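Below: the structure, in structure tokens.
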Amino acid sequence: MKERIIETAKYFFISTVLINVAMYVTGSLFAPDQKFGYEVMIYPLIYGFLACIPSFIMYTNRELSVRQALIHKIIQLIIIVAIIEAMVFRGNISGYAMQVAAVAGSVVVIYLGVVLIRYKMDQKTAQEMTDQLKAFQNKAIS
Amino acid sequence: MEIEVITIGEDKKEYIRIGCHRVDSNIKEIVRFIESRQGRIDGKDGDSQVSIPLADIFYAESVENKTFIYLQEACYESGLRLYELEEALSGNRFVRISKSVIVNLMKVESIRPALNGRYMCQLMNGEDVIISRKYVTEVKEKISR
Numbered sequence: 001m002k003e004r005i006i007e008t009a010k011y012f013f014i015s016t017v018l019i020n021v022a023m024y025v026t027g028s029l030f031a032p033d034q035k036f037g038y039e040v041m042i043y044p045l046i047y048g049f050l051a052c053i054p055s056f057i058m059y060t061n062r063e064l065s066v067r068q069a070l071i072h073k074i075i076q077l078i079i080i081v082a083i084i085e086a087m088v089f090r091g092n093i094s095g096y097a098m099q100v101a102a103v104a105g106s107v108v109v110i111y112l113g114v115v116l117i118r119y120k121m122d123q124k125t126a127q128e129m130t131d132q133l134k135a136f137q138n139k140a141i142s
Numbered sequence: 001m002e003i004e005v006i007t008i009g010e011d012k013k014e015y016i017r018i019g020c021h022r023v024d025s026n027i028k029e030i031v032r033f034i035e036s037r038q039g040r041i042d043g044k045d046g047d048s049q050v051s052i053p054l055a056d057i058f059y060a061e062s063v064e065n066k067t068f069i070y071l072q073e074a075c076y077e078s079g080l081r082l083y084e085l086e087e088a089l090s091g092n093r094f095v096r097i098s099k100s101v102i103v104n105l106m107k108v109e110s111i112r113p114a115l116n117g118r119y120m121c122q123l124m125n126g127e128d129v130i131i132s133r134k135y136v137t138e139v140k141e142k143i144s145r
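Protein chains in written order, with the numbering used here: chain A, 1 to 142; chain B, 1 to 145.
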């Protein structure tokens with residue numbers, strides 16, 4: 001459970017930062033004069049939290065193969081898109097095809113961003129482990 | 001069974017002698033354990049027994065309740081369960097990296113990330129084995145000692 005919480009927390013913080021960036025970029029491009037109240041600051045946290053629910057529920061201790069892990073991630077992404085679309089449009093999507101597609105596109109880009117950042121973090125850890133491993137091997141031989 | 005440990009002179013070769021009524025599975029297990037501490041472990045190649053130097057082992061894997069030991073090119077079956085093998089190899093340069101695999105750290109070429117917080121070990125024979133999330137901390141501790 002501890003591992004599941006740590007993994008979900010990492011997703012939450014990365015997602016929240018990327019959602020903030022996405023809101024800033026899309027807002028600046030499409031509605032630069034729009035003014036908001038303080039309540040807008042809570043939205044990245046809410047969306048980040050909602051996006052983490054599938055990851056938390058679908059977390060598995062099973063040792064998935066690369067193919068299974070990939071399918072797992074795709075299913076997670078589809079569920080996240082559905083949750084965010086439901087939250088944003090509250091079931092009323094008729095006549096909003098462009099907006100629905102834009103939201104779905106944003107979710108996909110943010111999700112890929114989260115996966116990429118996690119991969120980069122893991123890559124750094126892997127490099128550190130390889131360096132430690134080489135030192136371990138050299139120490140063992142000498 | 002009585003156990004006696006005696007100190008002998010530096011000029012004499014160290015030995016272990018077991019006095020028993022018959023060589024049963026317990027005795028065989030003790031012999032296997034002692035062999036593993038000396039740098040060799042028993043394996044089976046079909047019907048014939050082979051003594052495998054630990055330094056030649058790349059990894060051991062449990063598949064459908066059988067344990068297999070992989071070398072550069074050869075593969076032997078072990079009579080031990082994976083957890084027994086893990087215990088026998090614990091003082092050496094081996095570490096458990098997933099529910100079904102123990103790897104020889106001296107045979108790992110590099111580590112790279114895989115999906116889902118897992119890592120992939122590339123071995124010196126070109127094979128890849130996965131470090132699952134649960135065992136990452138254990139591997140880090142072992143190599144940082």
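For each residue, glycine too, the CB sits at the ideal point set by N, CA and C. The model shown is predicted, which means the values in this text are computed figures rather than measured ones.
Next item on the list: Note down the Cα distance separating B/TYR70 from A/GLU7, rounded to an integer number of angstroms.
Entry: Taking the second sequence and counting its residues from 1, the one referred to as residue 70 of chain B is at position 70. Taking the first sequence and counting its residues from 1, the one referred to as residue 7 of chain A is at position 7. Going by the C-alpha atoms only, they are around 33 Å apart.
(request) Would you tell me roughly how many angstroms separate the C-alpha atoms of A/GLU85 and A/TYR47, rounded to the nearest one? (result) Here residue 85 of chain A is taken as the residue at index 85 of the first sequence, counted from 1. Here residue 47 of chain A is taken as the residue at index 47 of the first sequence, counted from 1. Roughly 11 Å separates the two Cα atoms.
Taking Cβ to Cβ, would you say A/ALA102 is nearer than 8 Å to A/ILE80? Working through the first sequence from its first residue, we reach residue 102 of chain A at position 102. Working through the first sequence from its first residue, we reach residue 80 of chain A at position 80. No. Outside cutoff.
| What residues from chain B crowd round A/MET129, counting only those whose CB sits closer than 8 Å? | Here residue 129 of chain A refers to the residue found at position 129 of the first sequence. Those are ILE111, TYR119, VAL139, LYS140, ILE143, listed as they occur along chain B.
Report task. Check the C-beta distance from B/ILE18 over to B/ILE3 and give it rounded, since I have them as a contact under 8 Å. Result -> Here residue 18 of chain B corresponds to residue number 18 of the second sequence, with the count starting at 1. Here residue 3 of chain B corresponds to residue number 3 of the second sequence, with the count starting at 1. Not a contact, Cβ separation roughly 10 Å.
Check: What do you reckon, are the CB atoms on B/ARG96 and B/GLU138 nearer than 8 Å?
Finding: In the second sequence, counting from the first residue as 1, residue 96 of chain B sits at position 96. In the second sequence, counting from the first residue as 1, residue 138 of chain B sits at position 138. Yes; because the gap between Cβ atoms is below 8 Å, this pair is in contact.
Given A/PRO44, which residues of its chain have a CB within under 7 Å of its CB, disregarding the five upstream and five downstream residues?
In the first sequence, the residue the question calls residue 44 of chain A occupies position 44. Correct list, in chain order: THR16, ILE19, ASN20, MET23.
How would you list, in chain order, the residues of chain A whose beta-carbon sits under 7 Å from the beta-carbon of B/ASN116?
Position 116 of the second sequence, counted from the start, is the residue given in the question as residue 116 of chain B. Scanning chain A for C-beta atoms nearer than 7 Å to the C-beta of B/ASN116 yields LEU64, ALA69, reported in chain order.
Reducing DSSP to helix, strand and coil, say where B/CYS20 ends up. Locating residue 20 of chain B in the second sequence gives position 20, counting from the first residue. Coil at B/CYS20, not helix or strand.
Margin query: Using 8 Å as the cut-off, can you tell me whether the region 74 to 92 of chain B makes contact with the region 108 to 121 of chain B, which would need three or more C-beta pairs spanning the two stretches below that distance?
Written below: no
Delimiting residues of the beta strand (DSSP E) encompassing B/ASP45 = Working through the second sequence from its first residue, we reach residue 45 of chain B at position 45. Its beta strand (DSSP E) spans residues 40 to 45.
Checklist line | Cβ contact check for the region 61 to 69 of chain A and the region 86 to 96 of chain A: 3 or more pairs under 8 Å | finding: The region 61 to 69 of chain A vs the region 86 to 96 of chain A: no contact.
Between which residues of its own chain and B/TYR76 is the CB-CB distance below 8 Å, once the five residues before and five after are set aside? As a working mapping, residue 76 of chain B is identified with position 76 in the second sequence. For B/TYR76, where only same-chain residues beyond five positions count, the Cβ hits under 8 Å are GLY43, LYS44, ASP45, VAL50, ILE52, PHE68, ILE69.
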